[in-house]
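Comments concern the structure below.
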Amino acid sequence: MNQTRRSRLVCAIAAFLALAVCASSAAAQGVTTASMTGVVKDAQGAVIPGASVVAVHDPSGTTYEAVTQADGRFFIQGMRVGGPYRVSASLPGFTTEVKNNLTLSLGVAQDVEFSLRVAAVAETITVVGQSDPVFSSSHTGAATAVLRSGRINDMARLSPQYSGSGNFAGQDNRFNNITIDGSYFNNSFGLAGQPGDRTGVAPISLEAIEQVQVSVAPFDVRQGNFVGAGVNTVTRSGTNNFVGSGYYRYRNDSYVGTEAAGQAVNPGTFKTTTAGEWLGGPIVQNKLFFFESFESQK
Numbered sequence: 044m045n046q047t048r049r050s051r052l053v054c055a056i057a058a059f060l061a062l063a064v065c066a067s068s069a070a071a072q073g074v075t076t077a078s079m080t081g082v083v084k085d086a087q088g089a090v091i092p093g094a095s096v097v098a099v100h101d102p103s104g105t106t107y108e109a110v111t112q113a114d115g116r117f118f119i120q121g122m123r124v125g126g127p128y129r130v131s132a133s134l135p136g137f138t139t140e141v142k143n144n145l146t147l148s149l150g151v152a153q154d155v156e157f158s159l160r161v162a163a164v165a166e167t168i169t170v171v172g173q174s175d176p177v178f179s180s181s182h183t184g185a186a187t188a189v190l191r192s193g194r195i196n197d198m199a200r201l202s203p204q205y206s207g208s209g210n211f212a213g214q215d216n217r218f219n220n221i222t223i224d225g226s227y228f229n230n231s232f233g234l235a236g237q238p239g240d241r242t243g244v245a246p247i248s249l250e251a252i253e254q255v256q257v258s259v260a261p262f263d264v265r266q267g268n269f270v271g272a273g274v275n276t277v278t279r280s281g282t283n284n285f286v287g288s289g290y291y292r293y294r295n296d297s298y299v300g301t302e303a304a305g306q307a308v309n310p311g312t313f314k315t316t317t318a319g320e321w322l323g324g325p326i327v328q329n330k331l332f333f334f335e336s337f338e339s340q341k
C-alpha cells in the first residue's frame, strides 16, 4: 500500500515539474544570448568550406564550435553575452587565424571574417582587437553613465529614442515590454509603466545586470508584445575567478539644490540609503558557476 502511494506521489511530482517547465518555456520567449556569424576565405578571396571555427569565452572557458558551410559561412547561436572571446579558424593545409578580445552584445550577431593562407610551414596568425579608449571599462563615474535612481531606466535612457519618464519614440511607458533573462517583468497592476514605481525602489539591482538592450520596432521575430520599446536585460553569471563587490550610498535633502533658473525650489525632507553586495565564481572550473546579489533600500 505504501509502495503504491509512493509511486503515485512520484508520478504527481514528475507531472507537476513537466508542467512547470512547459509554462516557463512558454513565458520566457525573449532573447537572452548573443550569436556570431562570419565567413572564412583564402588569400585570393575564395570561400573555404569545412573550416573549423572555435570560440572560447575566456572568463569561463565556455567553448562554442562550428564548421563553415559550402559558401564559407558559419553561424554560432546561444553564446554568452559579453566577453572577451578568443575565436580561431583552422583547416588542414592552411594557417590558423586567431582573433582576440571580441565582445558580444545581447541579441546581436557579431560578424567575424577570417582570411587563411596556405601553410608552407607551421604558422599561426593572431589578430588582437583594440577597444575604444573613450568607452574603456576601466572608466568610472560620469565618464561612463550617471546612475541616478539605480534602476534599469538609468541604462535605458542612454538610447537616442528615449524621451523622458520611461517613454520611447513618443510612446507612453505603459506600452513598453521589460524582460529579464527572457521572462516578462512588466508592471501588471497598471498604476505605473515600470516595475517598482509605486514602491520607489528598484526591483532588481543594477549590479546584477550584465547587459541591457533597447529595441524600438525590431525586425527580430523573437521580440514582440509592445508598441513602445522592448527593454531586454540579462543578469550576470559567474566565471572561473571569484569576483565580488560591496557598496553603500547615502542621500538626503542637503544634497539637493534649493534654486533653479532663479526660482526657489523646496526639495522637502528625505533620506535614502542603499547597501548591497554581489559575488560570483566557479563551482566546477570551466563547467559550473554561481552568482548572487543582494541589495537593500531604505
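In our numbering, the protein residues as written are 44 to 341. Here a beta-carbon is modelled for each residue, glycine too, at the ideal position from N, C-alpha and C.
Self-check item: Minimum length 4: unbroken alpha helix (DSSP H) runs contained in the stretch 133-163
Solution: none
Quiz item: Should the stretch 276-296 be called in touch with the stretch 218-226, which here means at least 3 C-beta pairs below 8 angstroms?
Solution: yes
Exercise. Can you have a look at Gly136 and say buried or exposed, based on whether 16 or more other CB atoms are within 10 angstroms of its CB?
Key: exposed
Quiz item: Three-state secondary structure (DSSP) at Asp85?
Solution: strand
Quiz item: If you drop the 5 nearest sequence neighbours on each side, which residues of the same chain put their C-beta closer than 6 angstroms to that of Gln256?
Solution: Leu149, Gly150 and Asn275
Exercise. Please report the Cβ distance between His100 and Gly126, rounded to the nearest whole angstrom; I am assuming they are in contact, meaning their Cβ atoms lie under 8 angstroms.
Key: 7 angstroms
Quiz item: So what does DSSP say about Leu331, is it helix, strand or coil?
Solution: strand
Quiz item: Could you give the distance in angstroms between the alpha-carbon of Ser280 and the alpha-carbon of Val96?
Solution: 24 angstroms
Quiz item: Given 8 angstroms as the limit, is there contact between the stretch 289-297 and the stretch 309-322, that is, 3 or more CB pairs closer than that?
Solution: yes
Quiz item: Is Phe313 close to chain B, meaning its C-beta is less than 8 angstroms from at least one C-beta of that chain?
Solution: Absent here is chain B; the protein component of the structure consists of one chain.
Quiz item: Which one of Thr139, Val155, Thr138 and Glu140 has the shortest CA to CA distance from Thr146?
Solution: Val155
Practice problem: Have a look at Thr315 and Thr301 and give me their C-alpha separation to the nearest angstrom. | Solution: 18 angstroms
Self-check item: Euclidean distance between Cα positions of Asn284 and Arg129
Solution: 18 angstroms
Quiz item: Would Gly209 be called buried (16 or more neighbouring beta carbons within 10 Å of its own) or exposed?
Solution: buried
Quiz item: Would Ala272 be called buried (16 or more neighbouring beta carbons within 10 Å of its own) or exposed?
Solution: buried
Self-check item: Best match in Asn196, Glu338 and Val110 for proximity to Ala251 [C-alpha to C-alpha]
Solution: Glu338
Practice problem: Along the alpha helix (DSSP H) that carries Ala199, what are the first and last residues, could you check? | Solution: Asn196 to Ala199
Practice problem: State buried or exposed for Ala307, treating a residue as buried only when at least 16 other CB atoms are found within 10 Å of its CB. | Solution: exposed
Self-check item: Rounded straight-line distance, which links the Cα of Gln266 to that of Glu343
Solution: Because the chain spans 44 through 341 in this model, residue 343 falls outside it and cannot be assessed.
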